[in-house]
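Contents: one structure, followed by commentary.
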Amino acid sequence: MFAATHWLANTRAALNILTTGDKPKPVEGHKPRPLKFEFKTCALLNISLCEVSEQSEHFVLTLYNPLSSSTAEYIRVPVSDNNYQVLDDKGVILEVQYVPIPGGLMDLAYRRSETKYDLVFFADELPPLGYRSYYIKKTKERPLKPVPDSPNTSSMTSIGNEYIRLNFDTNGFLAAVTAEGMTRIISQDFLYYEGAVGNNLEFRNRSSGAYIFRPKNDSMKIITTDVDITVYRGSLVEEVHQKFNNWISQVVRVYSQKNYAEFEWLVGPIPVDDDIGKEIITRFDTDIKSEGMFFTDSNGREMIKRLRNHRDTWNLEILEPAAGNYYPITTKIALEDDRARVAILTDRAQGGSSLRDGSLELMVHRRLLHDDAFGVGEALNETAYGNGLIARGTHYLMVGFSQKNDSPTQKTLERFAQLEVTLPTWKFFSKTNYTFEEWMMSFNNSFTGLGKSLPKNIHLLTLEPWHNGELLVRFEHILEKDEDPEYSKSVKFNIKEVLKNFDIQDVRETTLDGNAWLDEHRRMEFVSDPESIDFVNYATLSEEHQSVHLLRARRPLTKSEYHKETLPDFDFESKSKQDPKPSIHLNTLRRNRLEQMKLDKKDLKHPRGESNNKYDVELNAMQIRTFVIYLRQNNSFASE
Numbered sequence: 000m001f002a003a004t005h006w007l008a009n010t011r012a013a014l015n016i017l018t019t020g021d022k023p024k025p026v027e028g029h030k031p032r033p034l035k036f037e038f039k040t041c042a043l044l045n046i047s048l049c050e051v052s053e054q055s056e057h058f059v060l061t062l063y064n065p066l067s068s069s070t071a072e073y074i075r076v077p078v079s080d081n082n083y084q085v086l087d088d089k090g091v092i093l094e095v096q097y098v099p100i101p102g103g104l105m106d107l108a109y110r111r112s113e114t115k116y117d118l119v120f121f122a123d124e125l126p127p128l129g130y131r132s133y134y135i136k137k138t139k140e141r142p143l144k145p146v147p148d149s150p151n152t153s154s155m156t157s158i159g160n161e162y163i164r165l166n167f168d169t170n171g172f173l174a175a176v177t178a179e180g181m182t183r184i185i186s187q188d189f190l191y192y193e194g195a196v197g198n199n200l201e202f203r204n205r206s207s208g209a210y211i212f213r214p215k216n217d218s219m220k221i222i223t224t225d226v227d228i229t230v231y232r233g234s235l236v237e238e239v240h241q242k243f244n245n246w247i248s249q250v251v252r253v254y255s256q257k258n259y260a261e262f263e264w265l266v267g268p269i270p271v272d273d274d275i276g277k278e279i280i281t282r283f284d285t286d287i288k289s290e291g292m293f294f295t296d297s298n299g300r301e302m303i304k305r306l307r308n309h310r311d312t313w314n315l316e317i318l319e320p321a322a323g324n325y326y327p328i329t330t331k332i333a334l335e336d337d338r339a340r341v342a343i344l345t346d347r348a349q350g351g352s353s354l355r356d357g358s359l360e361l362m363v364h365r366r367l368l369h370d371d372a373f374g375v376g377e378a379l380n381e382t383a384y385g386n387g388l389i390a391r392g393t394h395y396l397m398v399g400f401s402q403k404n405d406s407p408t409q410k411t412l413e414r415f416a417q418l419e420v421t422l423p424t425w426k427f428f429s430k431t432n433y434t435f436e437e438w439m440m441s442f443n444n445s446f447t448g449l450g451k452s453l454p455k456n457i458h459l460l461t462l463e464p465w466h467n468g469e470l471l472v473r474f475e476h477i478l479e480k481d482e483d484p485e486y487s488k489s490v491k492f493n494i495k496e497v498l499k500n501f502d503i504q505d506v507r508e509t510t511l512d513g514n515a516w517l518d519e520h521r522r523m524e525f526v527s528d529p530e531s532i533d534f535v536n537y538a539t540l541s542e543e544h545q546s547v548h549l550l551r552a553r554r555p556l557t558k559s560e561y562h563k564e565t566l567p568d569f570d571f572e573s574k575s576k577q578d579p580k581p582s583i584h585l586n587t588l589r590r591n592r593l594e595q596m597k598l599d600k601k602d603l604k605h606p607r608g609e610s611n612n613k614y615d616v617e618l619n620a621m622q623i624r625t626f627v628i629y630l631r632q633n634n635s636f637a638s639e
């Protein structure tokens, strides 16, 4: 709590300095200046609740873009009426649309608010690593309230734009998706697994719980066969509000200038009156012939190919097909065939899999009634306000050609969208007594922290204070090799041009983690054991019992045998079956290699003089580079 409060206080102070144009004052001997804008964050925006927008006749919304290139985003602001006007920092009146807040949110017992609508507008040209502010005020004009489409029970319902179109069948379920002139059968539904119940005395009797996903069986339970839908259309967004039952609802929306569809789900409280724990999934079924293959991301970076019921390094015997094929999904899961590709982007880390060809599923919520005996000591049965927890999140569906060779490819578009949805704008709300004219003429309502925008395939991953007068920066290339004929190429840029607002004196590259100089760093050169050694003994010391235990690992470390006997007087040789001669030879070779590395490191020279190209950086596909930047003392930030 203290860290969050401290961060918010610093953010408010910094934004006020940038907005007013005042120079920062030294901390010592000066009282904090009065804040002209509050820059509040609305922590309950995910349930369309914000005190500032609900209670103010006029207020300022500041959008901070954390990306290193300009971006655009559709903004949703909860309001109590449909008579607002949005003006940007140049005085342009923006087009707005009002969408009713979904019934699932309005019915939340603990949501006490007068807001009825989401005010939607398109914020364009948000500067990189900077902000842009908007003045929002009530007007006397009252446009027509949003009216849903008439109920349609005889034909398909369609929403979309020029990039993607979704079709829903007469039962309210997604039925097909059209993108780039290609139509694919794609359906989406919510289902659940029943959690396994056991006595936890052995693994096959382990209960499903906080640390382990173990369904009672691999068959999923259908939640409903009929979905109530309400459709809202406008110039900025088209939405289908779905109600699956009393505890699952969803909004499927397509914004007019986005190439993906949003699935914003609301799940909970999960009922357990039947004494059955439930693990809720969303599943997308497609006509893609995936042949057991799908792809998951590795912490938001490289994509890893997965094969159902398969491991690359050993013969896998699957006893639990569902749990045994689940993987962590940090940002994306995808599948493809020789023609089409379907990807789902997530807004948080989730478990996911493809348990049958053409299918993708993601775990969205869990409520279980038995402990799994892995340490928590209680069942995963969390409650709030006397009921089970309610979860809300968003999935982003992208569909396109898998073999597209022109730039940007479908994978590239997914990368760009992934960065946008993972790092959306930060939203700050400020009540104000200034008229629009006073606000526009008196303050800096647009700012960028970069002197030059980076290409879309380069991301400024880190920019943070380091030691006194120093900054730590990381740049990353977000494309993999051969993902795109253009965007996968190496990129060159100049640090001084990008960070022009900082008065840079010097720069020096470090290792990835920033704790060693790259020009002093030498990778360890390991000398492996010869193939003739089948077992390698490793010793571990137990200080508590003053004993040594042997761990015998079979190469390639896929099976281990533990020797529990205590070795008297640490007698390793008595238990080792290895021939000592190869070990002596290997140890000598390794020692000589380490000594040579020390000599190589000792002879390194570290020039720190001026160089014409030391500020030039080149990044190859998926590469990350880290630098320490030295700022000129007493002038850390360049003057205008």
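Going by numbering that gives the first Met the number 0, the sequence shown opens with residue 0, and the numbers climb by one from there.
Think of the CB as a built atom: it goes at the ideal place given N, C-alpha and C, for glycine as much as any other residue.
If you reduce the DSSP assignment to three classes, tell me which class Gly-102 lands in.
Along the sequence shown, read from residue 1 onward, the residue named residue 102 stands at position 103. Three-state DSSP puts Gly-102 in a helix.
Please state whether DSSP places Thr-123 in a helix, a strand or coil.
Locating residue 123 in the sequence shown gives position 124, where the first residue counts as 1. This sequence places Asp at residue 123; Thr is not what is there. Here Asp-123 sits in strand by DSSP.
Trp-438 in three-state terms, based on DSSP:
Sequence index remark: in the sequence shown, residue 438 carries index 439 (1-based). If DSSP states are grouped into helix, strand and coil, Trp-438 belongs with the helices.
Element boundaries [beta strand (DSSP E), containing Leu-670]
Because residue 670 is not part of the residues shown, which for the chain are 0 to 639, the question remains open.
Do the region 332 to 343 and the region 282 to 296 meet, that is, are 3 or more Cβ pairs less than 8 Å apart?
yes
Would you tell me roughly how many angstroms separate the C-alpha atoms of Leu-128 and Glu-113, rounded to the nearest one?
Working through the sequence shown from its first residue, we reach residue 128 at position 129. Working through the sequence shown from its first residue, we reach residue 113 at position 114. Going from the Cα of Leu-128 to the Cα of Glu-113 covers about 34 Å.
Identify whether Gly-323 lies in helix, strand or coil by the three-state DSSP scheme.
Here the question's residue 323 lines up with position 324 in the sequence shown. Residue state, collapsed to three classes: helix.
Suppose the cutoff is 6 Å on Cβ atoms and the five residues either side in sequence are ignored; what does the same chain contact list for Glu-508 look like?
In the sequence shown, counting from the first residue as 1, residue 508 sits at position 509. Answer for Glu-508: Leu-517 and Phe-626, listed in chain order.
Where do the ends of the alpha helix (DSSP H) carrying Lys-495 lie?
Numbered from 1 along the sequence shown, position 496 holds the residue referred to as residue 495. Lys-495 -> alpha helix (DSSP H) spans 494 to 497.
When the Cα of Ala-378 is compared with those of Ser-352, Gly-350, Arg-164 and Ala-195, which residue comes out closest?
Stepping through the sequence shown from its first residue, residue 378 is reached at position 379. Of Ser-352, Gly-350, Arg-164 and Ala-195, the residue nearest in Cα terms is Ala-195.
Using only alpha-carbon positions, find the residue among Trp-465, Tyr-486 and Met-219 that is nearest to Ala-321.
Reading the sequence shown from its first residue, position 322 is the one you call residue 321. The shortest Cα separation from Ala-321 among Trp-465, Tyr-486 and Met-219 belongs to Met-219.
In the DSSP output, which residue or residues are listed as bridge partners for Asn-244?
Along the sequence shown, read from residue 1 onward, the residue named residue 244 stands at position 245. According to DSSP, which records beta bridges pairwise, Asn-244 is partnered with Ile-247.
If Trp-438 sits next to Thr-431, beta carbons under 8 Å apart, how far is it from one beta carbon to the other, in whole angstroms?
Counted from its first residue, the sequence shown places residue 438 at position 439. Counted from its first residue, the sequence shown places residue 431 at position 432. Correct: roughly 7 Å between the Cβ atoms.
Tell me whether Trp-264 is buried or exposed, calling it buried when 16 or more other Cβ atoms sit within 10 Å of its Cβ.
Translated into positions along the sequence shown, residue 264 becomes position 265. The residue is buried, with at least 16 neighbouring Cβ atoms inside 10 Å.
Distance, Trp-313 Cα to Arg-131 Cα:
On the sequence shown, residue 131 is found 132 positions in, with the first residue counted as 1. On the sequence shown, residue 313 is found 314 positions in, with the first residue counted as 1. The straight-line gap from Cα to Cα measures roughly 54 Å.
Where does Arg-631 sit, in a helix, a strand or coil, going by DSSP?
Within the sequence shown, the letter at position 632 stands for residue 631. Correct three-state label for Arg-631: coil.
Going by CA-CA distance only, name the one from His-240, Phe-189 and Phe-474 that's closest to Pro-147.
Within the sequence shown, residue 147 is the residue found at index 148, counting from 1. With distances taken between Cα atoms, Pro-147 lies closest to His-240.
With DSSP collapsed to three states, give me the class of Ile-16.
As a position in the sequence shown, residue 16 is number 17, starting the count at 1. Ile-16 falls in the helix class under three-state DSSP.
Pick from Gly-392, Leu-48, Ala-42 and Leu-66: whose alpha carbon is nearest that of Leu-449?
Taking the sequence shown and counting its residues from 1, the one referred to as residue 449 is at position 450. Checked all of Gly-392, Leu-48, Ala-42 and Leu-66; the closest Cα to Leu-449 is Leu-66.
Judging by CA-CA distance, which residue of Asp-225, Ser-255 and Asp-227 is the nearest neighbour of Gly-233?
Locating residue 233 in the sequence shown gives position 234, counting from the first residue. Of the candidates Asp-225, Ser-255 and Asp-227, the one whose C-alpha sits nearest the C-alpha of Gly-233 is Ser-255.
Provide the residue span of the beta strand (DSSP E) that contains Glu-263, from first to last.
One-based indexing of the sequence shown puts residue 263 at position 264. Here the beta strand (DSSP E) through Glu-263 covers 260 to 266.
Work out the CA separation of His-394 and Thr-182 for me, nearest whole Å.
Position 183 of the sequence shown, counted from the start, is the residue given in the question as residue 182. Position 395 of the sequence shown, counted from the start, is the residue given in the question as residue 394. CA-to-CA, the gap between Thr-182 and His-394 works out to about 20 Å.
I need the DSSP call for Asp-518, collapsed to helix, strand or coil.
To locate residue 518, count along the sequence shown from 1; it is residue 519. It is helical.
Which residues in the same chain as Val-226 place their Cβ atom closer than 8 Å to its Cβ, once the five residues preceding and following it in sequence are excluded?
Residue 226 sits at position 227 when you count from the first residue of the sequence shown. Hits under 8 Å: Asn-170, Gly-171, Phe-172, Gln-241, Lys-242 and Phe-243.
Bridge partners for Pro-464 per DSSP, in chain order?
For the purposes of this step, residue 464 is taken as the residue at position 465 of the sequence shown. The partner list for Pro-464 (beta bridge, DSSP) reads Leu-470.
Within the chosen definition, does the region 379 to 390 reach the region 455 to 463 through at least 3 CB pairs nearer than 8 Å?
Judged by Cβ distances under 8 Å, the region 379 to 390 makes no contact with the region 455 to 463, as fewer than three pairs qualify.
Can you grab the Cα-Cα spacing for the pair Gly-608 / Glu-335, in whole Å?
As a first step, residue 608 is located in the sequence shown; it is residue number 609 there, counting from the start. As a first step, residue 335 is located in the sequence shown; it is residue number 336 there, counting from the start. Residue placement at Gly-608 is poorly supported in this model, since its pLDDT is 43, which falls under 50; the coordinates still yield a value, given next. Taking the straight line joining both Cα atoms gives about 52 Å.
Hey, out of Tyr-63, Phe-38 and Ile-628, whose CA is closest to Pro-464's CA?
For this step, residue 464 is matched to residue 465 along the sequence shown. Selected option, being the one with the closest Cα: Ile-628.
Could you tell me the alpha carbon to alpha carbon distance between His-166 and Ala-348, rounded to whole angstroms?
What you label residue 166 is simply residue 167 of the sequence shown in a count that begins at 1. What you label residue 348 is simply residue 349 of the sequence shown in a count that begins at 1. The sequence given here has Asn at residue 166, not His. Distance between the alpha carbons of Asn-166 and Ala-348: 28 Å.
Beta-carbon separation of Phe-427 and Thr-177 under 9 Å?
What you label residue 427 is simply residue 428 of the sequence shown in a count that begins at 1. What you label residue 177 is simply residue 178 of the sequence shown in a count that begins at 1. Taking 9 Å as the Cβ cut-off, Phe-427 and Thr-177 do not qualify as a contacting pair.
Return yes when the Cβ of Ile-222 is within less than 9 Å of the Cβ of Phe-262, no when it is not.
On the sequence shown, residue 262 is found 263 positions in, with the first residue counted as 1. On the sequence shown, residue 222 is found 223 positions in, with the first residue counted as 1. No. Outside cutoff.
Residue closest to Phe-58, alpha-carbon to alpha-carbon, out of Val-78, Ser-358 and Thr-329:
Taking the first residue of the sequence shown as 1, we reach residue 58 at position 59. For Phe-58, the nearest C-alpha among the options comes from Val-78.
Within-9 Å CB hit, Phe-400 to chain C:
No chain C appears in this structure, which consists of one protein chain only.
Thr-229 - DSSP class collapsed to helix/strand/coil:
In the sequence shown, counting from the first residue as 1, residue 229 sits at position 230. The answer is strand: DSSP assigns Thr-229 an E or B state.
What is the DSSP secondary structure of Asn-591, counted as helix, strand or coil?
Along the sequence shown, read from residue 1 onward, the residue named residue 591 stands at position 592. Looking at Asn-591 - three-state DSSP - the assignment turns out to be helix.
Since Ser-132 is in the beta strand (DSSP E), which residue starts that stretch and which ends it?
Here residue 132 corresponds to residue number 133 of the sequence shown, with the count starting at 1. Here the beta strand (DSSP E) through Ser-132 covers 129 to 137.
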